[in-house]
Amino acid sequence: MLDILTHPAVSGLLVMTLVGALAYKLHFVDISGLISAFVVGFTIWYTGGVVSFIIILFFFLSAGLATKMNYKEKAKQNLAQEGKGKRSFSNVLGSGIIPMIFSVGMYMTSLSPGLVAAGWPFLMFGGYIGAVATTSADTLASEIGVFSKSKPRLITSLRRKVPRGTIGAVSLLGEGVALFAGLVIGVIALIIALLAPSFVPVISNTQQLVVLVPMSVLTAFIGCNLDSLFGAKLQNRFVCEICGSVTDKEFHCNYETKYVGGFKSFTNMHVNLGSSVMGATLGIILGAGLFVWILGGLFFWIAASSSS
Ligand SMILES: [Zn+2]
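Read in order, the letters of the sequence shown are residues 4 to 311 in this note's numbering.
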């Protein structure tokens with residue numbers, strides 16, 4: 004009996020039924036979101052194991068809570084998620100598909116002794132952490148960053164102050180939240196790896212253990228800012244003729260907005276997909292221990308953007 008219950012397919016179904024029921028009850032997802040969360044969650048439990056599941060669970064629950072946080076206030080200022088803050092399948096897949104691919108990658112590369120010896124499962128785990136850290140940082144930074152007391156600035160020209168909710172707007176509070184999200188994910192992975200190494204079979208040496216937290220913090224921070232940058236450069240933008248906000252919403256202040264720029268079919272979902280691919284790539288590079296490249300790039304980026 005216990006053998007059946009501990010089989011990952013059975014335990015995954017049980018855990019996802021519990022998590023799904025809770026998420027639905029708390030109005031984090033609608034029906035389509037629930038079904039896709041079930042598929043994503045189950046696949047990650049089955050292929051990436053307990054550690055990967057707990058990491059995506061952190062994202063899922065914290066994003067749900069942050070979206071609900073002062074929802075009425077956000078709705079009043081047109082800063083809220085549509086659908087009463089419930090996420091539908093496009094939201095869930097937009098943030099879950101890249102982590103899911105890397106989770107499956109961990110599983111597949113673990114099957115081949117040659118790839119295991121070459122450290123591939125850990126690189127896939129790096130991609131996984133990078134993708135989830137980016138998505139978590141971006142979601143939490145936008146949901147909590149809108150409460151920033153000072154006006155946010157535009158990532159493409161940091162001297163310019165813009166209204167809250169503007170595409171590509173960044174604030175000190177948002178950046179702090181992004182770093183914190185990365186820190187939490189890294190610490191979760193580290194604690195599990197230290198206390199229950201059998202849940203994190205992809206880690207096989209001390210260097211990989213040491214890399215976890217910095218990898219997570221850096222991918223969260225860089226990935227979240229890349230998301231703002233992609234948003235500012237590429238995403239479709241509309242201007243509200245009532246209050247002057249630049250937004251991705253076709254309605255604002257109860258009126259239809261006017262299209263002003265960006266690629267018309269390039270929505271927030273595409274931006275999020277693009278940034279989680281970038282976050283995953285950074286995670287793989289950091290997983291391979293190539294910190295110098297990322298830190299050097301970050302240094303030049305900050306130098307270049309603070310002089311413009
Ligand atoms: Zn408006």
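Where a beta carbon is used, it is the ideal one built from N, C-alpha and C, also for glycine.
In chain order, what residues of the same chain lie with their CB nearer than 8 Å to the CB of residue i, ignoring the 5 residues before and after it?
i, result
"V180", "A140, L143, A144, I147, G148"
"N275", "G97, S98, T138, D141, D230"
"I297", "L221, I225, L285, I288, L289"
"I57", "I191, I195"
"N73", "F150"
"G189", "I132, A136, L215, V216, P217, M218, S219, V220"
What does a CB cutoff of less than 7 Å around residue i pick up in its chain, not counting 5 residues either side in sequence?
i, result
"G36", "K89, R90, S91, F92, N94, V95"
"L8", "S14"
"F233", "V274, G277, S278"
"T70", "Q84, G88, E146"
"E253", "F241, E259, T260"
"V67", "Note that residue 67 is Gly in the sequence shown, not Val. Correct list, in chain order: A26, L29, F31."
"G227", "The residue asked about is misnamed: residue 227 is Cys in this sequence, not Gly. Cβ neighbours of C227 beyond the five flanking positions: T137, A140, D141, A144, A181."
"G282", "G133, A134, A136, T137, T222, G226"
Cβ of residue i within 6 Å of any heavy atom in ligand 1?
i, result
"I245", "yes"
"C227", "no"
"S91", "no"
"H10", "no"
"S248", "yes"
"H255", "yes"
In the structure shown, what three-state DSSP assignment does residue i receive?
i, result
"K261", "strand"
"H10", "coil"
"F241", "strand"
"H273", "helix"
"F56", "helix"
"F2", "There is simply no residue 2 to check, as the chain begins at 4 and stops at 311 in what is shown."
Output needed for residue i: all residues of its chain with C-beta closer than 6 Å, excluding positions within five of it in sequence on either side, in chain order.
i, result
"H30", "K89"
"K154", "K164"
"V107", "T50"
"T112", "L118, W123, P124, M127"
"S39", "F92, V95, L96"
"L197", "none"
"F266", "L237"
"L176", "G148, S151"
Query raised in the report: If you pair each beta-carbon of the segment 249 to 265 with each one of the segment 185 to 192, do three or more pairs fall below 8 Å?
Result: no
Query - Stretch pair the segment 22 to 39 + the segment 59 to 74: three plus CB contacts closer than 8 Å - result: yes
**Report entry** Contiguous beta strand (DSSP E) assignments of at least 3 residues, all confined to the segment 140 to 224
**Finding:** 160 to 164
**Report entry** the segment 122 to 135 / the segment 263 to 272 touching (three or more Cβ pairs under 8 Å)
**Finding:** no
Query raised in the report: Which full runs of the alpha helix (DSSP H) of 4+ residues lie inside the segment 26 to 111, going along the chain?
Result: 34 to 71, 74 to 79
Query raised in the report: With contact counted as at least three CB pairs below 8 Å, one residue from each stretch, are the segment 126 to 138 and the segment 203 to 223 in contact?
Result: yes
Query raised in the report: Are at least three pairs of beta-carbons, each pair with one atom in the segment 235 to 245 and one in the segment 202 to 218, less than 8 Å apart?
Result: no
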